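Per full-length UniProt numbering, residue 1 is the first one in the sequence shown, and the count goes up by one each step.
Cβ coordinates follow ideal geometry from the N, Cα and C atoms, glycine included.
Please read these numbers as outputs of a predicted model, since none were measured by experiment.
One structure is given below, encoded as structure tokens.
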Amino acid sequence: MDQVSRFYGGPGGLVAAISSALDSAGLDRTQLRPADLAPVDEFHIRGRAASLEIVEALGLGAGSHVLDLGSGLGGPARTLAELTGCTITGVDLTPEFCEVATALSEWTGMAAHTRFRVGDATATGLPDGSVDGALTVHVAMNISDKPALYAEAFRVLRPGGRFVVYDVLQGEGGDVHYPVPWAHDSSTSFLATLDDMRELLPAAGFDVLSEVDSSDESLVWFRQMRARIERDGPPPVTFAAFLGDAFGQMAANQVANLAERRIRTVMYTCSRPL
Ligand SMILES: C[S@@+](CC[C@H](N)C(=O)[O-])C[C@H]1O[C@@H](n2cnc3c(N)ncnc32)[C@H](O)[C@@H]1O
Numbered sequence: 001m002d003q004v005s006r007f008y009g010g011p012g013g014l015v016a017a018i019s020s021a022l023d024s025a026g027l028d029r030t031q032l033r034p035a036d037l038a039p040v041d042e043f044h045i046r047g048r049a050a051s052l053e054i055v056e057a058l059g060l061g062a063g064s065h066v067l068d069l070g071s072g073l074g075g076p077a078r079t080l081a082e083l084t085g086c087t088i089t090g091v092d093l094t095p096e097f098c099e100v101a102t103a104l105s106e107w108t109g110m111a112a113h114t115r116f117r118v119g120d121a122t123a124t125g126l127p128d129g130s131v132d133g134a135l136t137v138h139v140a141m142n143i144s145d146k147p148a149l150y151a152e153a154f155r156v157l158r159p160g161g162r163f164v165v166y167d168v169l170q171g172e173g174g175d176v177h178y179p180v181p182w183a184h185d186s187s188t189s190f191l192a193t194l195d196d197m198r199e200l201l202p203a204a205g206f207d208v209l210s211e212v213d214s215s216d217e218s219l220v221w222f223r224q225m226r227a228r229i230e231r232d233g234p235p236p237v238t239f240a241a242f243l244g245d246a247f248g249q250m251a252a253n254q255v256a257n258l259a260e261r262r263i264r265t266v267m268y269t270c271s272r273p274l
């Protein structure tokens, strides 16, 4: 686990780095909307578009309380909070990401709706049945004990509540080309297959309402992102703020991983039976 949080947490100073990149681009931090930060804080394939699908799938309204397991820099949480009015607790292993997520919520006026705490998604410490909805986005790739992750989501969710999983799965095309945006090598990468997921989620107690494979859209998204950066240059802040220079190689590998069917992106909408 230390190895995972070391991969994501950089040398420190990420809040200041993002802040000065926004200042240099002439963006007023007090006027920011959550969507303005998507190139840096929606840290998953298909970015904000995928978060909008998750909002839809969760079907929650104002007054709901939601748990985001592995909340990163908080993009999905802020998107959900802004569009529904719900409140969200994010739990993430990487202390620096929790610090940045808290600052970004302050800048975008979302601080009253989100809080981010350092913790392990397989043991959050939240009370049983205490949340109306839960999500986990591109996190399980770093977690070897997937039964523990899904059991924890089931435990904290109230009966009738929904749990949305959007993750990267192992494809049929062979071993992943590393580095990727979640790991330098296979030592911290634990991809489930489609068949694994079809066992894991029901085994945790969930009813699986839908399984949507977006791998083709993911390939288009990565190609378009790379073409846009080549044409217009990068946006003021990107994942390179914390992934560093390796991000270029990671993005190129992801295009190959998707094109060669080595990875797949799949979203599951589940419910905890009443
Ligand atoms: C690729 S990022 C995704 C972040 C966020 N869900 C998003 O979509 O923008 C993966 C995140 O999972 C977190 N993570 C990995 N293993 C974890 C664990 N066992 N418990 C909590 N967070 C974890 C990392 O710290 C990182 O922030």
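_For valine 40, the three-state DSSP class (helix, strand or coil)_ = Stepping through the sequence shown from its first residue, residue 40 is reached at position 40. Helix.
*Terminal residues of the continuous beta strand (DSSP E) containing glutamine 31?*
Taking the sequence shown and counting its residues from 1, one reaches residue 31 at position 31. Glutamine 31 -> no beta strand (DSSP E), and no H or E assigned at all.
_Nearest candidate by alpha-carbon position, reference proline 179, set Arg228, Val137, Gln31, Val255_ = What you label residue 179 is simply residue 179 of the sequence shown in a count that begins at 1. The shortest Cα separation from proline 179 among Arg228, Val137, Gln31, Val255 belongs to Val255.
*glycine 133: buried (16+ other C-beta within 10 angstroms of its C-beta) or exposed?*
Walking along the sequence shown from the start, residue 133 turns up at place 133. Flag for glycine 133 reads buried.
*What first and last residue would you give for the beta strand (DSSP E) that runs through methionine 267?*
On the sequence shown, position 267 is the one that residue 267 refers to. Segment 263 to 271, the beta strand (DSSP E) holding methionine 267.
*Using 10 angstroms around the beta-carbon of arginine 231, count the other beta-carbons present and answer buried if the total reaches 16, otherwise exposed.*
By one-based count along the sequence shown, residue 231 stands at place 231. By the 10 Å Cβ count, arginine 231 comes out exposed.
*Can you tell me whether serine 20 is buried or exposed, with buried defined as 16 or more other CB within 10 angstroms of its CB?*
On the sequence shown, position 20 is the one that residue 20 refers to. When all chains shown are included, serine 20 counts as exposed.
*asked:* Are the CB atoms of aspartate 68 and threonine 136 within a distance shorter than 9 Å?
replied: One-based indexing of the sequence shown puts residue 136 at position 136. One-based indexing of the sequence shown puts residue 68 at position 68. The answer is yes: Cβ separation under 9 Å.
*With hydrogens ignored, establish whether the beta-carbon of threonine 108 is closer than 8 Å to any heavy atom of ligand 1.*
Reading the sequence shown from its first residue, position 108 is the one you call residue 108. Every heavy atom of ligand 1 is 8 Å or more from the Cβ of threonine 108, so no.
*Quick one: measure Cβ to Cβ for glycine 9 and threonine 114, integer angstroms, because I've assumed they're closer than 8 Å.*
Residue mapping note: residue 9 aligns to position 9 of the sequence shown, counting from 1. Residue mapping note: residue 114 aligns to position 114 of the sequence shown, counting from 1. Contact flag wrong, Cβ pair sits at about 20 Å.
*asked:* Between the alpha carbons of proline 127 and leucine 157, how many angstroms are there, rounded?
replied: Counting from 1 along the sequence shown, the entry for residue 127 is found at position 127. Counting from 1 along the sequence shown, the entry for residue 157 is found at position 157. The straight-line gap from Cα to Cα measures roughly 9 Å.
*Distance, Cα to Cα, valine 237 vs histidine 177?*
One-based indexing of the sequence shown puts residue 237 at position 237. One-based indexing of the sequence shown puts residue 177 at position 177. The alpha-carbon atoms of valine 237 and histidine 177 are separated by roughly 25 Å.
*Tell me where the alpha helix (DSSP H) around glutamate 202 begins and ends.*
On the sequence shown, residue 202 is found 202 positions in, with the first residue counted as 1. According to the sequence displayed, residue 202 carries proline and not glutamate. Its alpha helix (DSSP H) spans residues 194 to 204.
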